[in-house]
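Residue numbers (the working numbering): 519 to 763.
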């Protein structure tokens with residue numbers, strides 16, 4: 519609507535802005551929003567949420583906000599915006615509802631200061647996630663949540679060397695624990711929530727065929743709903759056996 523576009527165009531006047539959150543964004547707002555954000559050279563925190571989940575929005579700016587540290591995009595995207603790899607100060611990125619066809623890890627893996635990364639609510643529509651050797655060198659927290667198409671996660675040795683916290687939440691097609699977790703020496707906590715039965719059974723201590731993959735991690739929590747309420751959870755905790763031998 520024209521009122522929304524006029525309001526977004528007025529954002530161009532706020533050139534000193536450091537934090538910006540825009541909700542209920544429509545496709546027709548894309549150009550005006552991009553033009554406004556390009557003027558915000560001091561922007562550190564950007565949060566964009568669309569009003570319609572399946573409406574693709576174009577967020578390809580002519581240049582990136584050079585000081586951006588935190589980016590949350592809850593929007594359907596044709597592809598990952600071309601300015602994201604330029605964000606050398608970015609420490610946190612969360613993508614949701616994006617339905618990206620191409621694996622976003624290949625674009626994000628070289629961000630030099632990224633510490634928190636989340637793929638939520640079908641941000642990626644593909645089946646295969648590939649964490650390559652040498653990627654995500656400073657990442658400490660990784661959240662993979664509600665990805666209905668992903669059925670395989672490959673973590674090469676040498677990827678995610680600083681990772682401390684890993685969450686895998688409701689990935690219904692992922693039946694096997696990524697074996698590369700074995701190489702994540704700094705991992706402190708893993709949270710598995712509502713994962714497939716085969717996945718959970720494979721990491722049971724003593725007789726789980728994939729228990730060896732996660733046994734070095736000090737704390738592994740497995741969450742399963744145990745009632746109609748969202749917060750009714752059965753939680754099983756597996757403590758590390760790495761000190762045993």
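We put the CB at the ideal spot given by N, CA and C, even for glycine.
Keep in mind the model is a prediction, meaning the values are calculated, not measured.
>> My output table needs one value for residue 521: the three-state DSSP class, helix, strand or coil.
In response: As a position in the chain shown, residue 521 is number 3, starting the count at 1. Low local confidence applies: a pLDDT of 42 at residue 521 is under 50, so the model's placement there is unreliable, and no value is given.
> In whole angstroms, what is the alpha-carbon distance linking residue 620 and residue 642?
Replying inline: Here the question's residue 620 lines up with position 102 in the chain shown. Here the question's residue 642 lines up with position 124 in the chain shown. C-alpha separation (whole angstroms): 8 Å.
>> Please tell me whether, using a cut-off of 6 Å, the distance from the CB of residue 666 to the nearest non-hydrogen atom of the ligand ATP is below it.
In response: In terms of ligand content, the structure shown is empty, and the ligand ATP therefore cannot be addressed.
> How would you label residue 744, buried or exposed, when you count the other beta carbons within 10 angstroms and need 16 or more for buried?
Replying inline: As a first step, residue 744 must be located in the chain shown, where it is residue number 226. With fewer than 16 Cβ atoms within 10 Å of its Cβ, residue 744 is classed as exposed.
> Under the three-state reduction of DSSP, which class applies to residue 560: helix, strand or coil?
Replying inline: Here residue 560 is taken as the residue at index 42 of the chain shown, counted from 1. Three-state DSSP puts residue 560 in coil, outside helix and strand.
> Looking only at its own chain, which residues have a Cβ that is under 8 Å from the Cβ of residue 703, when we skip the five neighbours before and after it?
Replying inline: Within the chain shown, the letter at position 185 stands for residue 703. Contacts found: 679, 734.
>> Here's a check: name, in chain order, each residue in its chain whose Cβ is nearer than 7 Å to the Cβ of residue 598, leaving out the five neighbours to either side.
In response: Here the question's residue 598 lines up with position 80 in the chain shown. If we look at residue 598 and ignore the five residues flanking it on each side, its Cβ neighbours are 618, 622, 625.
>> So, with DSSP's three-state summary, where would you put residue 758?
In response: Taking the chain shown and counting its residues from 1, the one referred to as residue 758 is at position 240. In the structure shown, residue 758 sits in coil (DSSP, three-state: anything other than H, G, I, E or B).
>> To test your reading of the DSSP string, which unbroken beta strand (DSSP E) runs of 3 or more residues are found completely within the stretch 622-675?
In response: 634-638, 646-649, 659-663, 670-673
> Out of curiosity, what's the CA-to-CA distance linking residue 565 and residue 545?
Replying inline: Position 47 of the chain shown holds residue 565. Position 27 of the chain shown holds residue 545. The straight-line gap from Cα to Cα measures roughly 16 Å.
> Between 697, 589, 557, 583, which lies nearest to residue 567 when the distance is taken from Cα to Cα?
Replying inline: Stepping through the chain shown from its first residue, residue 567 is reached at position 49. Considering only alpha carbons, the answer is 589.
> So, residue 764 versus residue 737, is the Cβ gap smaller than 7 Å?
Replying inline: Because the chain in this structure spans residues 519 to 763, residue 764 falls outside the shown range and cannot be described.
>> Quick check for students: name the residue ranges of the beta strand (DSSP E) that lie wholly in the stretch 577-629, counting only runs of 3 or more.
In response: 588-592, 610-614
> Which residues share a DSSP beta bridge with residue 684?
Replying inline: Locating residue 684 in the chain shown gives position 166, counting from the first residue. Paired residue(s): 660, 708.
> What separation, rounded to the nearest whole angstrom, lies between the Cα atoms of residue 667 and residue 715?
Replying inline: For this step, residue 667 is matched to residue 149 along the chain shown. For this step, residue 715 is matched to residue 197 along the chain shown. Annotation: residue 667 to residue 715 spans about 17 Å, alpha carbon to alpha carbon.
> What residues match up with residue 677 in a beta bridge as DSSP calls it?
Replying inline: Residue 677 sits at position 159 when you count from the first residue of the chain shown. In DSSP, residue 677 forms no bridge with anything.
> For residue 565, which beta-bridge partners are listed by DSSP?
Replying inline: By 1-based counting over the chain shown, the position of residue 565 is 47. DSSP lists 539, 590 as partners of residue 565.
> Between the Cα of residue 730 and the Cα atoms of 694, 690, 713, 741, which residue gives the shortest distance?
Replying inline: Taking the chain shown and counting its residues from 1, one reaches residue 730 at position 212. Residue 730 has its Cα closest to that of 694, out of 694, 690, 713, 741.
>> The alpha helix (DSSP H) that contains residue 732, what's its start and end?
In response: Numbered from 1 along the chain shown, position 214 holds the residue referred to as residue 732. Residue 732 -> alpha helix (DSSP H) spans 729-732.
> Which of the three DSSP states, helix, strand or coil, is assigned to residue 534?
Replying inline: The sequence position of residue 534 within the chain shown is 16, counting from 1. Reduced to three states, the DSSP call for residue 534 is coil.
> residue 555 by DSSP, collapsed to three states: which one?
Replying inline: Locating residue 555 in the chain shown gives position 37, where the first residue counts as 1. Helix, per DSSP.
>> If you follow the alpha helix (DSSP H) that residue 719 is in, where does it begin and where does it stop?
In response: Translated into positions along the chain shown, residue 719 becomes position 201. First-last of the alpha helix (DSSP H) with residue 719: 715-719.
>> Please state the DSSP three-state secondary structure of residue 574.
In response: Residue numbering aside, residue 574 sits at position 56 when the chain shown is read from its first letter. In this structure, residue 574 counts as strand in the three-state DSSP scheme.
>> In whole angstroms, give me the CA-to-CA distance for residue 575 and residue 554.
In response: Taking the first residue of the chain shown as position 1, residue 575 is located at position 57. Taking the first residue of the chain shown as position 1, residue 554 is located at position 36. Going from the Cα of residue 575 to the Cα of residue 554 covers about 15 Å.
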